[in-house]
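*Asks:* Encoded as structure tokens, here's the structure I'll be asking about.
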Amino acid sequence: MTPKTQNELPSLRESLEQHGLMAKKSFGQHFLLDLNITRKIVRLGGPFDGDVVIEVGPGPGGLTRALLESEARSVLAIEKDARFIELLSELNDAYGARFDVIEADAVKADERALLAERDLGEAAHLVSNLPYNVGTPLLIKWLTGPWQPLSMTLMFQLEVALRVVAPVDDNDYGRLSVIAQVLCDCEKLMDLPARAFTPPPKVDSAVVKLTPKADRPDAQLIKNLEKVTAAAFGQRRKMLRASLKPLGGEALLEKAGIDPTARAETISPDQFIQLSRVHLQTLQSTSNHYFRE
Numbered sequence: 000m001t002p003k004t005q006n007e008l009p010s011l012r013e014s015l016e017q018h019g020l021m022a023k024k025s026f027g028q029h030f031l032l033d034l035n036i037t038r039k040i041v042r043l044g045g046p047f048d049g050d051v052v053i054e055v056g057p058g059p060g061g062l063t064r065a066l067l068e069s070e071a072r073s074v075l076a077i078e079k080d081a082r083f084i085e086l087l088s089e090l091n092d093a094y095g096a097r098f099d100v101i102e103a104d105a106v107k108a109d110e111r112a113l114l115a116e117r118d119l120g121e122a123a124h125l126v127s128n129l130p131y132n133v134g135t136p137l138l139i140k141w142l143t144g145p146w147q148p149l150s151m152t153l154m155f156q157l158e159v160a161l162r163v164v165a166p167v168d169d170n171d172y173g174r175l176s177v178i179a180q181v182l183c184d185c186e187k188l189m190d191l192p193a194r195a196f197t198p199p200p201k202v203d204s205a206v207v208k209l210t211p212k213a214d215r216p217d218a219q220l221i222k223n224l225e226k227v228t229a230a231a232f233g234q235r236r237k238m239l240r241a242s243l244k245p246l247g248g249e250a251l252l253e254k255a256g257i258d259p260t261a262r263a264e265t266i267s268p269d270q271f272i273q274l275s276r277v278h279l280q281t282l283q284s285t286s287n288h289y290f291r292e
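Numbered per numbering that gives the first Met the number 0, the sequence shown spans residues 0 to 292.
In structure tokens form, the structure reads like this:
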């Protein structure tokens with residue numbers, strides 16, 4: 000096949016037809032083929048001037064094309080579905096060294112290593128129309144893992160997006176809200192109806208931007224936060240003195256300055272990180288006492 004220039008690229012629908020491709024239900028794929036929408040997502044998620052962007056699950060490349068039209072220095076796409084590699088290589092022909100596509104599972108991918116292998120440094124933004132079936136696991140990986148992106152502009156099914164940005168005491172407020180908001184400033188950028196996708200999913204979607212906070216807790220405290228929130232929201236209708244009983248219950252809550260009769264959905268992210276800090280200090284104190292004995 001003759002390499003194509005940027006002006007010669009076929010439309011996204013034409014590309015899919017030429018390669019005989021359809022969305023794969025088992026991969027949770029729903030394609031966004033309207034370049035006006037993908038350009039808006041990139042505009043709201045940016046600026047990416049001079050920076051590297053990693054895209055997960057590019058599929059036919061609608062969001063990829065918008066990213067390559069931006070001022071991003073390089074765009075690195077991670078695609079699990081081997082069927083799309085040849086189609087995406089047409090973008091490689093058109094945009095040269097600015098674009099690279101990797102066939103890999105993003106859940107298992109080491110972003111830091113992928114960047115280093117290409118001499119792109121360590122810093123990169125994440126932009127993705129996330130496959131529905133792995134959206135939350137990928138977000139938790141990027142929030143709590145060893146590699147920290149410069150920003151994340153991510154599309155989720157609407158119910159997940161609402162959980163990410165939900166304020167305390169909201170019906171959607173939960174464990175994901177706390178972890179995301181402790182670590183990032185979170186903002187819902189735009190809603191997308193199901194009809195915007197091919198094929199249309201059964202639910203609407205939304206784009207969320209997460210910008211990591213400068214005062215990030217250390218890895219040990221983040222891990223403990225995951226433990227505390229899992230216990231608190233695992234029995235969210237119970238008072239915290241009951242749901243957190245295995246972790247110290249009423250005594251722990253009083254040390255953290257939190258009402259033991261409160262329920263998880265009424266506790267702010269700042270209070271949860273304080274609770275996690277006190278719990279960790281209690282564990283460390285108990286451990287030190289044990290060794291002194």
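Glycine included, each C-beta is placed from N, C-alpha and C at the ideal position. None of the values given here were measured: they were computed from a predicted structure.
#1: With a Cβ-Cβ cutoff of 8 Å, do V126 and G58 count as a contact?
#2: Measuring CB to CB, does P130 end up less than 8 Å from G56?
#3: Could you pull the DSSP bridge partners for A76 from this structure?
#4: If I'm right that T228 touches R174 with Cβ under 8 Å, what's the distance once you round it to whole angstroms?
#5: Tell whether a beta-carbon distance below 8 Å holds between F196 and L67.
#6: Between which two residues does the beta strand (DSSP E) harbouring Y125 extend?
#7: Only counting runs of 4 or more residues, tell me where the alpha helix (DSSP H) segments fall wholly within the segment 190 to 236, in order along the chain.
#8: Output the boundary residues of the alpha helix (DSSP H) element that contains Q17.
#9: Are the CB atoms of V207 and V163 within a distance shorter than 8 Å?
#10: Where do the N-terminal and C-terminal ends of the beta strand (DSSP E) with T143 fall, by residue?
#11: With three or more beta-carbon pairs closer than 8 Å as the criterion, would you say the segment 89 to 96 touches the segment 141 to 151?
#12: Quick check on D269: does DSSP put it in helix, strand or coil?
#13: Quick one, which of P46, A65, E54, A71 has its alpha-carbon nearest E78's?
#14: Using the beta-carbon count (16 or more within 10 Å), is S284 buried or exposed?
#15: Mapping the DSSP letters down to three states, classify E68 as helix, strand or coil.
#16: Just curious, the alpha helix (DSSP H) that T37 is in, first and last residue?
#17: Taking all protein chains shown into account, do 16 or more other C-beta atoms lie within 10 angstroms of the C-beta of V106, making it buried, or fewer, making it exposed?
#18: Please classify H18 as buried or exposed, where buried requires at least 16 other C-beta atoms within 10 Å of its C-beta.
#19: Just to confirm, are A263 and R235 a CB contact at a threshold of 8 Å?
#20: When you compare each of L114, L8, Y172, L119 to R64 by their alpha carbons, which one comes out closest?
#21: Looking at the strands, I want to know which residues DSSP matches up with E186.
#22: How about I293 and L114: do their beta carbons lie closer than 8 Å?
#23: Determine, using beta carbons only, whether H124 and D50 come nearer to each other than 8 Å.
#24: Exposed or buried, R280, counting other C-beta atoms within 10 Å across all chains shown (16 or more means buried)?
*Replies:* To lay it out plainly:
#1: no
#2: yes
#3: E54, V100
#4: 4 Å
#5: no
#6: It is Leu, not Tyr, that sits at residue 125 in the sequence shown. Looking at the DSSP string, the run of the beta strand (DSSP E) that includes L125 is 124 to 128.
#7: 218 to 233
#8: 11 to 17
#9: yes
#10: Not the beta strand (DSSP E): T143 falls in the alpha helix (DSSP H), residues 134 to 143.
#11: no
#12: helix
#13: E54
#14: exposed
#15: helix
#16: 34 to 44
#17: exposed
#18: exposed
#19: yes
#20: L8
#21: K208
#22: Limits of the chain in this structure are 0 at one end and 292 at the other, which puts residue 293 out of reach.
#23: yes
#24: Checking the sequence, you will find Gln at residue 280 rather than Arg. Exposed, since its Cβ has fewer than 16 Cβ neighbours within 10 Å.
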